[in-house]
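Colleague: One structure coming up, written as structure tokens, with questions to follow.
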Amino acid sequence: EIDSLNRFTGGEEKSVELVAKAGFDAWDFSLLNMARPDWEHGCVFQTDHPLRGPHYAEFAKNLRRIGEDNGIFCNQSHAPFPVNMPEVKSYIKRALECTAIAGGKICVIHPDNNKSPEENADFYSSLIPFAKEVGVRIAAENMWNWKDNTYTSVTSAACSDEKSFLAHLNAVNDDYLVACLDIGHAEMRGLNTSAVKMINALGDKLQALHIHDNDKVSDSHQLPFTMKIDFHAIVKALKENNYKGIFTLEALSYPGTKPDIKECLSDMKTVARRLADEFESL
1476 EIDSLNRFTG GEEKSVELVA KAGFDAWDFS LLNMARPDWE HGCVFQTDHP LRGPHYAEFA
1536 KNLRRIGEDN GIFCNQSHAP FPVNMPEVKS YIKRALECTA IAGGKICVIH PDNNKSPEEN
1596 ADFYSSLIPF AKEVGVRIAA ENMWNWKDNT YTSVTSAACS DEKSFLAHLN AVNDDYLVAC
1656 LDIGHAEMRG LNTSAVKMIN ALGDKLQALH IHDNDKVSDS HQLPFTMKID FHAIVKALKE
1716 NNYKGIFTLE ALSYPGTKPD IKECLSDMKT VARRLADEFE SL
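For what it's worth, this note's numbering labels the leading residue of the sequence shown as 1476, then goes sequentially.
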């Protein structure tokens, strides 16, 4: 997931190169710069980033070339969010298009946290014809809400437990809508689920992951094996359910914890390889 690297590398081009040189097999195309939310004012930041402008396709094509020149590919992407902001929503088809141009096969698109499965199904269904046209599957992600303004506990949101997630997928009932399980979100206390429960329920609908660790309270987005989540049980459940996707890190808070970004990337690659090796050994 390259967005967390950009502030240390100067931009996506260098981030993709460094991810490759660190030894990763693939890169996750973060598309948040298309419409990055300004949470305080309820709008998006107006920037001159290429993903917002007329040359977005050339930018995505160049990132693909950089990855391929360095021996890695784009496996998936993350569309801008939240989709309840009209300007963010207006960029979602562009996110699918850029994913296809970069070579990715899955684009993670958040549901609207506070909409029902049927309401979110209308949104996803409206995108599926275009997703099929460009050959990119849409992956819904399990979400959460703060319980109150103390920001110390969480409560349910769209796809936040296995029942809600399956209801969203079944309401659309198309193989171009799949599941991306965010491991950290699933383990947050108050959502009455766990990553293992979600994996077992989703089965072959689970085709992408966001992997990171937390204290089971906050959405910490830390490096696996550094906090409280039991990744051994998660890897075992993935194996038992014949998971066929990629192990994608979303440890957004880890880059910058050491002076050299290359050292952070080395740590992240080591952890990702540890997870994959454990999966392959079962």
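Where is the CB? At the ideal position from N, CA and C, for every residue including glycine.
Report buried or exposed for threonine 1627, applying the criterion of at least 16 other Cβ atoms within 10 angstroms of its Cβ.
Modeller: Per the 10 Å Cβ criterion, exposed.
Colleague: Where does valine 1699 land, buried or exposed, given buried means 16+ other C-beta within 10 angstroms?
Modeller: Per the sequence presented here, residue 1699 reads as proline, with valine not at that position. Classification of proline 1699: buried, given that the 10 Å Cβ count is 16 or more.
Colleague: Does the count of Cβ pairs from the region 1528 to 1545 and the region 1603 to 1620 closer than 8 Å reach three?
Modeller: As far as the Cβ criterion goes, the region 1528 to 1545 does not touch the region 1603 to 1620, which means the pair count is below three.
Colleague: Between phenylalanine 1754 and leucine 1724, is the Cβ-Cβ spacing less than 8 Å?
Modeller: Not in contact: phenylalanine 1754 and leucine 1724 (Cβ atoms no closer than 8 Å).
Colleague: Who pairs with glutamine 1682 in a beta bridge, going by DSSP?
Modeller: Answer by DSSP bridge pairing: none, since glutamine 1682 is not bridged.
Colleague: Would you kindly report the start and end of the unbroken alpha helix (DSSP H) that includes alanine 1532?
Modeller: Taken as a continuous stretch (DSSP letters only), the alpha helix (DSSP H) holding alanine 1532 covers 1531 to 1544.
Colleague: For a test of the three-state rule: what should DSSP assign to cysteine 1634, helix, strand or coil?
Modeller: Coil, per DSSP.
Colleague: Please state if the CB of alanine 1632 and the CB of asparagine 1689 are separated by a distance shorter than 8 Å.
Modeller: No, the pair does not count as a contact, with Cβ atoms beyond the cut-off.
Colleague: Mind checking which residues open and close the alpha helix (DSSP H) that includes phenylalanine 1483?
Modeller: Unbroken alpha helix (DSSP H) run through phenylalanine 1483: 1481 to 1484.
Colleague: Within the chosen definition, does the region 1674 to 1690 reach the region 1511 to 1519 through at least 3 CB pairs nearer than 8 Å?
Modeller: Counting Cβ pairs under 8 Å, fewer than three are found: no touch.
Colleague: Taking the straight line between their C-alpha atoms, what separation do you get for alanine 1535 and alanine 1510?
Modeller: Whole-angstrom Cα-Cα distance: 15 Å.
Colleague: In three-state DSSP terms, what is isoleucine 1581?
Modeller: DSSP places isoleucine 1581 in strand when its eight states are reduced to three.
Colleague: Could you tell me the alpha carbon to alpha carbon distance between aspartate 1623 and proline 1555, rounded to whole angstroms?
Modeller: Computed Cα separation, rounded: 25 Å.
Colleague: Please identify the residue among Ser1565, Phe1548, Asn1595 whose C-alpha is closest to the C-alpha of isoleucine 1576.
Modeller: Minimum Cα distance to isoleucine 1576 is reached at Phe1548.
Colleague: Taking the continuous alpha helix (DSSP H) assigned at aspartate 1752, which residues delimit it?
Modeller: Where aspartate 1752 is concerned, the enclosing alpha helix (DSSP H) stretches over 1736 to 1756.
Colleague: Tell me which residue opens and which closes the alpha helix (DSSP H) that valine 1563 is part of.
Modeller: Start and end: 1561 to 1564.
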